[in-house]
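Below you'll find the structure, written out as structure tokens, and then a few comments.
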Amino acid sequence: MPHDIFSEINNAVLDLQASQLQTYERPLRKVAQLLRNPELEPYNAELTVGLDLDAFIAESEKSIGGMVGSGQLAWPVDARQALGLTLLLIERLAANPNDAISFSHQFFHSGSKVIAGIHALTGQLIIPFVRDYKSYVHSQGDTEVALKPKFSRKVFIVHGHDDGARETVARFLERIGLEAVILHEQANQGRTVIEKVVAHSDVGFAVVLLTPDDEGCVRGGVPEPRARQNVLLELGYFIGRLGREKVCALKRGTLEIPSDFAGVVWETMDSNGGWKQALARELEAAGHSIDWNKVMRM
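Using this note's numbering, the first residue of the sequence shown is number 259, and each one after it goes up by one.
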């Protein structure tokens with residue numbers, strides 16, 4: 259039965275990023291194992307043909323100086339070769355996790371703790387690789403592995419405590435033929451909240467509801483209404499994952515707008531329903547087909 263191999267890879271990478279010195283080996287091996295899924299082998303063969311990992315490492319080691327972590331990897335100019343070398347490198351490190359410690363110490367040193375190097379290796383090498391590797395597989399045509407489609411009709415709704423706003427937006431999206439994804443409606447499966455967000459972020463668009471659920475201020479200031487902290491975290495996450503053009507913030511009521519978000523377009527969720535047309539325009543600009551007759555009737 260087809261399965262989403264990249265969802266499993268992402269979960270293994272999350273486990274690796276959260277691991278400690280006593281536990282990092284298992285998720286590292288899991289990542290390598292999943293990357294060698296038989297249905298991915300044709301792509302792996304194309305990426306790694308003619309590559310010499312030993313020569314790459316030897317050339318990189320020439321850059322190691324007297325300072326800890328001074329080494330720089332000697333990446334080739336060809337992006338495909340760099341992708342293939344990273345695949346081979348992950349397999350090498352997973353086969354002997356002790357090598358991963360010394361390798362990260364040489365090229366990804368980050369603080370006094372040994373595990374910090376593994377975390378830096380994960381964040382700076384493995385996570386970008388998984389993203390680019392997935393894009394590479396997508397670009398090569400059909401595969402029996404059930405990859406998430408490039409263009410998804412799913413829309414993630416980021417929300418706070420305003421259940422009415424959440425349900426209103428969800429029903430609007432469903433009536434114009436889109437699938438609303440609401441986090442608390444999804445199974446937990448023993449995951450943390452952020453793991454659930456990542457697991458369900460295979461969407462084509464995100465709507466972020468900025469509602470005055472909390473209060474806050476600078477020290478000594480007067481508390482003002484603001485969105486919940488989880489909403490701001492997920493706002494940043496989806497801007498980074500999807501791009502600003504695929505995230506629409508709907509502001510309801512009076513509240514503080516995050517300073518880093520200043521200058522980015524947001525829409526007012528007014529009581530007369532004008533926000534529906536504004537949201538539909540943003541969805542259409544992002545590539546969705548919108549039935550404007552349905553929008554105007556709501």
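Note that CB positions come from ideal geometry on N, CA and C, so glycine has one too.
### Query
Expressed to the nearest angstrom, what Euclidean distance is found between the alpha-carbon atoms of Glu-304 and Asn-295?
Straight across, the Cα-Cα distance linking Glu-304 with Asn-295 is about 15 Å.
### Task
Specify the secondary structure class of Phe-361 as computed by DSSP and reduced to three states.
DSSP places Phe-361 in helix when its eight states are reduced to three.
### Query
So, helix, strand or coil for Phe-366, using DSSP?
In this structure, Phe-366 counts as coil in the three-state DSSP scheme.
### Query
Distance, Cα to Cα, Val-403 vs Ala-316?
Because the pLDDT at Val-403 is just 44, under 50, the model does not fix this residue reliably, and the value given afterwards should be weighed accordingly. The straight-line gap from Cα to Cα measures roughly 35 Å.
### Message
Based on DSSP bridge pairs, tell me the residues matched to Thr-281.
### Response
Partner(s): none; Thr-281 has no beta bridge.
### Given Ala-544 as reference, the closest of Trp-333, Leu-345, Val-427 and Val-413 once Cα atoms are compared
For Ala-544, the nearest C-alpha among the options comes from Val-413.
### Task
Would you kindly check if the distance between the Cβ of His-458 and the Cβ of Val-427 is under 7 Å?
In this structure, His-458 does not lie closer than 7 Å to Val-427 by Cβ.
### Task
Assign Lys-371 to one of two classes, buried (16 or more other C-beta atoms within 10 Å of its C-beta) or exposed (fewer than that).
Exposed.
### Query
Beta carbon of Tyr-282, beta carbon of Ile-376: below 7 Å?
Yes, the Cβ-Cβ distance between Tyr-282 and Ile-376 is below 7 Å.
### Query
What number of angstroms, rounded off, separates the C-alpha of Glu-437 from the C-alpha of Val-451?
C-alpha separation (whole angstroms): 21 Å.
### Query
What is the rounded straight-line gap between the Cα of Gly-399 and the Cα of Lys-392?
Here Gly-399 scores only 46 on pLDDT, less than 50, and its place in the model is too uncertain to base an answer on.
#### Entry: Cutoff 6 Å; reference His-417; Cβ partners in own chain excluding five residues on either side
So the qualifying residues of the chain are Arg-424 and Leu-467.
### Message
Once DSSP output is grouped into helix, strand and coil, what is the label at Trp-333?
### Response
DSSP places Trp-333 in the coil class of the three-state scheme, outside both helix and strand.
### Query
Any beta-carbon of chain C closer than 7 Å to the one on His-363?
Of the chains in the structure shown, none is chain C; there is only one protein chain.
### Query
If you draw a straight line from the alpha carbon of Leu-351 to that of Val-476, how long is it in whole angstroms?
Taking C-alpha positions only, Leu-351 is separated from Val-476 by approximately 46 Å.
### Message
Rounded to whole angstroms, what is the Cα-Cα separation between Gln-330 and Ile-322?
### Response
The straight-line gap separating the alpha-carbon atoms of Gln-330 and Ile-322 is approximately 7 Å.
### Message
So within the stretch 445-476, which uninterrupted alpha helix (DSSP H) runs reach at least 4 residues, ignoring any that extend past its ends?
### Response
The alpha helix (DSSP H) runs of length 4 or more contained entirely in the stretch 445-476 are, from start to end of the chain, 451-457.
### Message
Going by DSSP, what residue range makes up the beta strand (DSSP E) through Ala-438?
### Response
Element bounds for Ala-438: 437-440.
### Task
List the whole-angstrom C-beta distance separating Ala-485 from Leu-513, where the pair is believed to meet the contact cut-off of C-beta under 8 Å.
With a Cβ gap of about 6 Å, Ala-485 and Leu-513 count as contacting.
### Task
State the CB to CB distance for the pair Leu-379 and Phe-366, rounded to an integer number of angstroms; the pair is presumed to be in contact (CB under 8 Å).
Between Leu-379 and Phe-366, the beta carbon gap of about 5 Å places them in contact (Cβ cut-off 8 Å).
### Query
Residues bridged to Glu-482 by DSSP?
In the DSSP output, where bridge partners are listed per residue, Glu-482 has Gly-474.
### Message
Please classify Gln-364 as buried or exposed, where buried requires at least 16 other C-beta atoms within 10 Å of its C-beta.
### Response
Buried: at least 16 other Cβ atoms inside 10 Å.
### Query
Exposed or buried, which one is Asp-310 when buried takes at least 16 other CB atoms within 10 Å?
With fewer than 16 Cβ atoms within 10 Å of its Cβ, Asp-310 is classed as exposed.
### Task
May I ask you to report which of helix, strand or coil DSSP gives Ala-544?
Under the three-state reduction of DSSP output, Ala-544 falls in the coil class, being neither helix nor strand.
### Exposure label - Gly-342; buried when at least 16 CB within 10 Å
Counting Cβ neighbours within 10 Å, Gly-342 comes out buried, since at least 16 surround it.
### Message
Considering just the uninterrupted stretch of the alpha helix (DSSP H) at Ile-415, what are its terminal residues?
### Response
It is not in any alpha helix (DSSP H) - Ile-415 instead sits in the beta strand (DSSP E) that spans 412-416.
#### Entry: Coil, strand or helix - Ser-265 by DSSP
Three-state result, Ser-265: helix.
### Message
I'd like to know whether the C-beta atoms of Phe-496 and Ala-464 end up nearer to each other than 7 Å.
### Response
Taking 7 Å as the cut-off, the Cβ atoms of Phe-496 and Ala-464 count as close.
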